[in-house]
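J.:
Number of protein chains: 4
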Amino acid sequence: MAGNSYGTLYKVTTFGESHGEALGGIIDGCPSGIQLDLEAIEVEMSRRKPGQSAIVTQRKEPDAVQFLSGIFEGKTTGTPIGFIIPNTNQKSDDYSHIKDNYRPSHADYVYDQKYGFRDYRGGGRSSARETASRVVAGAIAKQMLPEIKINAYVSSVGPIHLDTPYQELDFSKIESNPVRCPDEKSAAIMEEYIRDIRKQGDTVGGVVSCVIQNVPVGLGEPVFDKLHAELGKAMLSINAVKGFEYGSGFLGSEMKGSEHNDLYNPDGTTKTNLSGGIQGGISNGMDIYFRVAFKPVATIMQTQDSLDNKGNITPMTGKGRHDPCVVPRAVPIVEAMAAIVLADFYLINKTY
Amino acid sequence: MAGNSYGTLYKVTTFGESHGEALGGIIDGCPSGIQLDLEAIEVEMSRRKPGQSAIVTQRKEPDAVQFLSGIFEGKTTGTPIGFIIPNTNQKSDDYSHIKDNYRPSHADYVYDQKYGFRDYRGGGRSSARETASRVVAGAIAKQMLPEIKINAYVSSVGPIHLDTPYQELDFSKIESNPVRCPDEKSAAIMEEYIRDIRKQGDTVGGVVSCVIQNVPVGLGEPVFDKLHAELGKAMLSINAVKGFEYGSGFLGSEMKGSEHNDLYNPDGTTKTNLSGGIQGGISNGMDIYFRVAFKPVATIMQTQDSLDNKGNITPMTGKGRHDPCVVPRAVPIVEAMAAIVLADFYLINKTY
Amino acid sequence: MAGNSYGTLYKVTTFGESHGEALGGIIDGCPSGIQLDLEAIEVEMSRRKPGQSAIVTQRKEPDAVQFLSGIFEGKTTGTPIGFIIPNTNQKSDDYSHIKDNYRPSHADYVYDQKYGFRDYRGGGRSSARETASRVVAGAIAKQMLPEIKINAYVSSVGPIHLDTPYQELDFSKIESNPVRCPDEKSAAIMEEYIRDIRKQGDTVGGVVSCVIQNVPVGLGEPVFDKLHAELGKAMLSINAVKGFEYGSGFLGSEMKGSEHNDLYNPDGTTKTNLSGGIQGGISNGMDIYFRVAFKPVATIMQTQDSLDNKGNITPMTGKGRHDPCVVPRAVPIVEAMAAIVLADFYLINKTY
Amino acid sequence: MAGNSYGTLYKVTTFGESHGEALGGIIDGCPSGIQLDLEAIEVEMSRRKPGQSAIVTQRKEPDAVQFLSGIFEGKTTGTPIGFIIPNTNQKSDDYSHIKDNYRPSHADYVYDQKYGFRDYRGGGRSSARETASRVVAGAIAKQMLPEIKINAYVSSVGPIHLDTPYQELDFSKIESNPVRCPDEKSAAIMEEYIRDIRKQGDTVGGVVSCVIQNVPVGLGEPVFDKLHAELGKAMLSINAVKGFEYGSGFLGSEMKGSEHNDLYNPDGTTKTNLSGGIQGGISNGMDIYFRVAFKPVATIMQTQDSLDNKGNITPMTGKGRHDPCVVPRAVPIVEAMAAIVLADFYLINKTY
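Residue numbers (our numbering), protein chains in the order written: chain A, 2 to 353; chain B, 2 to 353; chain C, 2 to 353; chain D, 2 to 353.
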């Protein structure tokens, strides 16, 4: 029960540490006969990888995924899809300074407490590098559900918010700037803010919004495995996520029922969609939308006190990579996890 | 995969419709030898039940739980604990008016779409009455983990917020008022607000905050089953929940890393706790705290348009129970789900 | 993980001790819209219950099942089906003599070792009475798969074997005699043998054979969850089972490939069926058949040495019920478990 | 639910086709801090691999396992252990003759029916080559449980049986002959028999017996996940297995209770052990022993009729590898699956 699998019928299991030989995973339950577009998978991988622009981390990760099974003559066979992503940059010496030290707000301390010791290189298993495997699984899930459109984008960086309703945004602009914000003016301000944060050697958080369109009615299970409960878990499982809300979200808690209820059109659609496309845990065919809050990553280039494994407080300065704002890179990860959740419920729904 | 189970090692499965003969469930995996305090279970049940005061619904639900197995001479035996909660009030005629009608923002429509038909009486399986079974399972989980203290309370009702940090609150006051807000002044304002909402025949949402203390270091699994991801899923599985945030939450997304990082004390505790007691998905021994947003319930006493199963829009007025604000009643449910999640991870952690 | 659930998509969880207030279970995942024949369920229950004839145990168990949820207007709703079977005969004093004693070849000793103590009345959770809940779940699974025919029968009692190939048997005769052997001559000899065993105060084992017809091609998953592996597990989970073989079974291990291979007909059927209807773990449309070996039950009416919980060997004589041969009563249980396994794979197969 | 995982807490997921780029798997749940003996793992791998002697298949499979994660400085870290076993011999043309043909008693036909098409090279996913990954997982499970001794051996080949009770055998002789039969005389006869079968271009089945010693009391869960039920499923999931029996097995079904009951010694051990070390599904500390029946493998070097995918019957002669008796090679696989099952229950038992 070490928690490295997600899903029931579209089941993704991942392995790999930041500086081990390779990351990878197994997708079990992908139906047979899907003609895979491998290039589209590489596009998703490249969206996630660091070093894409001046505002994000400079580490070079080629992130070439190698499929080892489950695909024959370009199509999925229905058997498990095994894949690896070699770690080409495994210089362990970079991390010797944290071998015996617990960085503030990192997982170093709890890993040592839970497991007795840890692979300290680059954060080991707790590194966000693990999400590369999720992006592979999500890219395949997207191809399994071609009619469903999943669009995530950055809606805030630190104190800078894009408050425009998603209906007024042009999703085709998301990839046109390094911040992945579809509103160009906001994007420019966010980018400048991040540059400033970078100069300070600091980091900043933000929010990713996600909109899912063309979802059939009926996905999601009542009671414990509600569609939004699984989406929430999937998002909260991404590194640095602190909050999740869907539909009216926290603001909805301030509303009255007479304001919040979504009245029906004769065709079963609703005039408003404060419900966020989900009623009683089950998709109702309207757009699903949600927001995911990311804290600033803990690795900063300033000097901060750390704890060593003998109980001494010692100052430490961040070394190596500096990623002042991971939120743009989180966009494809949010989409990937959404796709995995939908693929799973799509298969479950076939059993009714 | 109908989604009626929660947990891996402390596994809770529930059954039952609002107006069926009985609700109930099975708790599988509760260790043997726990001397159960049945009265404490009844106290939790009575905290959840409607009709406790003028501001909540008036329906009488005795909610007497009958244990059928897994307990011998007052102690758990390690075998599954089966229990039922008879529905003593099954007047079906109350609900004939919704037989062919889909109420706005209820699960009526999606149930019919997903399952082909539904038990329309009182919302059937989608009714929050199902949470009575969760409260039973949570009450036993609490007794399994006597050292861990779980305190939930109402921190906002509609637009009225209690912003006092939890450290300054006296949790012993939570049960002293019908709103379950530990700050008496705020409680009085909230209560008056709810009375006003009741008069309007309307409903209102709110926020439940929860604080968990004395959690050992090490609970939670890395990657997909992070402690906060499971807590989030558990909370989002409660009826009417629209959002979840823990530690710094959505506000944390506006902060800088240099502000957000929690610096260590020599004993491994931290000077601040913006992390909310969880690092990398694993408890670090500090207080765990989170907030859960509830939308206003959909059943209002005003007239609203509904959809019938022939595609006609027809006005409908809520009948029967009126629960202007379910948020106080959600407090024991939030605690129950938190206890279930912790019990599960507590058992998982024993396998390392 | 206390092991009280079976199945993934058609998931059965049971609870209950022999002498607790009630047994019962939850069936989660049964599709909606199945018109249930409750009388047919009662027939299965009555096939399992003791006291049906002179050769089996005399205890009266009415075994009336009460459905509490998941059924509305006679049809399954797709929500979990909760049910209980009250224990009407709970005279605890009958079992005080085994409170501190471990009967040979019973689970008394291991339960005390594993759980620290046990509900000693009537074997508690280890009693075969638990299988009543399985029969309920199996009866519903049978109704879910009306085209599939499952016929089990007794093919040996102690040293008396019915060696006639199943193709030459008339399954309609199975219920015509208390031994549940479709060959009347063999049945008579077996019955006499059991009467003799009863007089000796002894017990005897036997074999149940099962034939499943009209199974669609494609049920079963490759690798770990092969159809016959799940059937094997399901059968081995029935009390007193010591062995399972399918198709050619143990005899097949003595054969040559040239003899054992099943040659095809042009329509994909095979001329022989030593494979037992399963190739590579997946049903091939031919008849599935298997054999299940039951040891003699441990409770005999003779005096045998037992162990008490202080380490003393003390003679003990069986009291109360005497069931000289449970094998006929195991017939409906074998069918029930087969039906549950098939229902689960049937649903899984819909996801391809 | 494509069935490529085994276990709950020690969870093994495998991937890979016979002639894909690589096989591999993920072991999730292995506790941290186990100093791995990689050489011992290679020894297990070499025991499984073909081409070890004249009586088995001649294919060269180096089967070098590469560990990619979960191990740091020689010890398990508690994070998932990912590994691959490259397929160095991927000559696809060898198998073009079976592209459109279904070989008798192979999985070709059912795979095409279930999945729509298949990777036909070398049997694809249905090849026993998949068991290489199981041997890796089993070898690590063995190291996790150093005190438990698992010894499997060949107890029959075709009609030649070794009937000596295991207590009288010298397990250290198992590896001293290519048949893996600890009795040298029987081994010689079996070997000669297999040579003869090879000359005939035929194959033959056999039985593997397995003895597990030093198992602590308490492993196994009551009801559905009985220890022997999981062992049975694990064994039946191995290619070509047709039957499983433990303890007294099928012979036990012919016995009387008075003969079969195992009387206690004062220390809780039993004078006899017809129960096979398991009571009520839970280990009682006595030796666990069971037998696994293997049919002859279907690939023979004689000409047999096959079916093509257009419904034509066409004669086909086996090509390439000829493995007249896989039973000796199955010995390490039986041990591996037993180790995996025990590791899983060992971890589960820690949660009580």
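Even glycine gets a Cβ: it sits at the ideal position worked out from N, Cα and C.
Which residue from D:Asp-184, D:Asn-310, D:Tyr-167 puts its Cα closest to that of Gly-269 of chain C?
T.: Nearest C-alpha to Gly-269 of chain C: D:Asn-310.
J.: Which of the residues in the stretch 296 to 320 of chain A, read from start to end, lie with their CB under 8 Å from any CB of chain B?
T.: Cβ contacts with chain B: Lys-296, Pro-297, Val-298, Ala-299, Thr-300, Ile-301, Gln-303, Gln-305, Asp-306, Ser-307, Leu-308, Gly-312, Asn-313, Ile-314.
J.: Say whether the stretch 18 to 29 of chain C touches the stretch 239 to 250 of chain C, bearing in mind that this needs 3 or more beta-carbon pairs closer than 8 Å, one atom from each stretch.
T.: Touching, no, given that fewer than three Cβ pairs across the two stretches are closer than 8 Å.
J.: Consider the Cβ of Gln-214 of chain C: report whether some Cβ of chain D lies at a distance smaller than 8 Å.
T.: Cβ-Cβ to chain D under 8 Å: no for Gln-214 of chain C.
J.: Using the Cβ count rule (16 or more neighbours within 10 Å means buried), how would you classify Pro-267 of chain D?
T.: Answer is exposed; the Cβ neighbour count stays below 16.
J.: Can you pull the chain A residues whose beta carbon is under 7 Å from the beta carbon of Ala-3 of chain B, in chain order?
T.: Ordered by position in chain A, the residues that pass the 7 Å Cβ test against Ala-3 of chain B are Glu-222.
J.: Would you call the stretch 291 to 299 of chain D and the stretch 249 to 267 of chain C in contact, with 3 or more CB pairs under 8 Å?
T.: Taking 8 Å as the limit for Cβ pairs, the verdict is that the stretch 249 to 267 of chain C does touch the stretch 291 to 299 of chain D.
J.: Please identify the residue among C:Val-66, C:Gly-8, C:Ala-235 whose C-alpha is closest to the C-alpha of Asp-345 of chain C.
T.: Checking every option, the nearest Cα to that of Asp-345 of chain C belongs to C:Gly-8.
J.: Over the uninterrupted beta strand (DSSP E) stretch that includes Lys-12 of chain B, give me the two end residues.
T.: Looking at the DSSP string, the run of the beta strand (DSSP E) that includes Lys-12 of chain B is 12 to 16.
J.: Could you name the residues of the same chain whose beta carbon sits closer than 6 Å to that of Asn-240 of chain A, not counting the 5 residues immediately before and after it, in chain order?
T.: Excluding sequence neighbours, Asn-240 of chain A sits near Ala-129.
J.: Distance cutoff 8 Å, beta carbons only. Does Thr-14 of chain A sit that close to anything in chain C?
T.: Not an interface residue.
J.: Do Gly-83 of chain C and Gly-71 of chain C have their C-beta atoms within less than 8 Å of each other?
T.: A contact, by the Cβ cut-off of 8 Å.
J.: Could you have a look at Ser-106 of chain C and say whether DSSP puts it in helix, strand or coil?
T.: Note: Ser-106 of chain C maps to coil in three-state DSSP.
J.: Which two residues bound the contiguous alpha helix (DSSP H) that contains Val-44 of chain D?
T.: First-last of the alpha helix (DSSP H) with Val-44 of chain D: 39 to 49.
J.: What does Phe-73 of chain C reach in chain B if we use C-beta pairs closer than 7 Å?
T.: Near Phe-73 of chain C (Cβ distances below 7 Å), the residues of chain B are Asp-120.
J.: In chain D, what lies closer than 9 Å to Arg-126 of chain A by C-beta?
T.: Under the 9 Å cutoff, chain D gives Ser-70, Gly-71, Thr-78, Gly-79, Thr-80, Pro-81.
J.: For Tyr-116 of chain C and Gln-144 of chain D, what's the separation of their Cα atoms in angstroms?
T.: Their Cα atoms are separated by approximately 27 Å.
J.: For a contact defined as C-beta to C-beta under 9 Å, what are the partners of Gly-17 of chain A on chain D?
T.: Within chain D, the residues near Gly-17 of chain A are Leu-69, Ser-70, Gly-71, Thr-80, Pro-81, Gly-83.
J.: Would you say the stretch 220 to 228 of chain B touches the stretch 222 to 240 of chain A, given that touching needs at least three Cβ pairs under 8 Å?
T.: Contact holds: three or more Cβ-Cβ distances are below 8 Å.
J.: Going along chain B, which residues have a C-beta under 9 Å from Ile-239 of chain C?
T.: Ordered by position in chain B, no residue passes the 9 Å Cβ test against Ile-239 of chain C, which lies about 17 Å from the chain.
J.: At 7 Å on the CB atoms, spell out the chain C contacts of Tyr-353 of chain A, in chain order.
T.: Within 7 Å Cβ-Cβ: Pro-32, Ser-33, Gly-79.
J.: Following the continuous alpha helix (DSSP H) through Pro-87 of chain D, name the residue where it begins and the one where it ends.
T.: No alpha helix (DSSP H) contains Pro-87 of chain D, which is instead part of the beta strand (DSSP E) from 82 to 87.
J.: Report the neighbours of Ile-141 of chain C on chain B: residues whose CB is nearer than 9 Å to its CB, in chain order.
T.: Within 9 Å Cβ-Cβ: nothing; Ile-141 of chain C doesn't reach chain B, min ~14 Å.
J.: Name, please, each residue of chain D whose Cβ falls closer than 7 Å to the Cβ of Lys-100 of chain C.
T.: Chain D residues near Lys-100 of chain C: none, gap ~16 Å exceeds 7 Å.
J.: Check Arg-196 of chain D in the structure and name its three-state DSSP category.
T.: If DSSP states are grouped into helix, strand and coil, Arg-196 of chain D belongs with the helices.
J.: Tell me the rounded alpha-carbon separation between Arg-199 of chain C and Ile-35 of chain B.
T.: About 42 Å.
J.: Following the continuous alpha helix (DSSP H) through Val-137 of chain A, name the residue where it begins and the one where it ends.
T.: Unbroken alpha helix (DSSP H) run through Val-137 of chain A: 132 to 145.
J.: Between Leu-264 of chain A and chain B, is the shortest Cβ-Cβ distance under 8 Å, so that the two count as touching?
T.: Chain B, which has a Cβ nearer than 8 Å to the Cβ of Leu-264 of chain A, makes this yes.
J.: Could you tell me whether any Cβ in chain B is nearer than 8 Å to the Cβ of Ile-42 of chain C?
T.: No, Ile-42 of chain C lies away from the interface with chain B (no Cβ there is under 8 Å from its Cβ).
J.: Please give me, in chain order, every unbroken run of the beta strand (DSSP E) with length at least 3 that falls completely inside the stretch 165 to 243 of chain B.
T.: Listed in chain order, the complete beta strand (DSSP E) runs (minimum 3 residues) inside the stretch 165 to 243 of chain B are 207 to 214.
J.: Do you know how far the Cα of Asp-29 of chain D is from the Cα of Ile-141 of chain A?
T.: In a straight line, the C-alpha of Ile-141 of chain A is about 23 Å away from that of Asp-29 of chain D.
J.: Among D:Ala-133, D:Arg-181, D:Ile-213, whose alpha-carbon lies nearest the alpha-carbon of Ile-279 of chain D?
T.: Out of D:Ala-133, D:Arg-181, D:Ile-213, D:Ile-213 has the C-alpha closest to the C-alpha of Ile-279 of chain D.
J.: Please name the residues in the stretch 332 to 353 of chain D whose beta-carbon is closer than 7 Å to at least one beta-carbon of chain B, in chain order.
T.: Against chain B - using a Cβ distance shorter than 7 Å - the residues of the stretch 332 to 353 of chain D are Leu-348, Lys-351, Thr-352, Tyr-353.
J.: Could you name the residues of the stretch 145 to 170 of chain A whose beta carbon sits closer than 8 Å to any beta carbon of chain C, in the order they occur along the chain?
T.: If the cut-off is 8 Å between Cβ atoms, the stretch 145 to 170 of chain A has nothing near chain C.
J.: Looking only at its own chain, which residues have a Cβ that is under 6 Å from the Cβ of Gln-114 of chain A, when we skip the five neighbours before and after it?
T.: There are no such residues.
J.: Between the Cα of Ile-341 of chain A and the Cα atoms of A:Lys-351, A:Val-136, A:Gln-305, which residue gives the shortest distance?
T.: Here the closest residue by C-alpha is A:Val-136.
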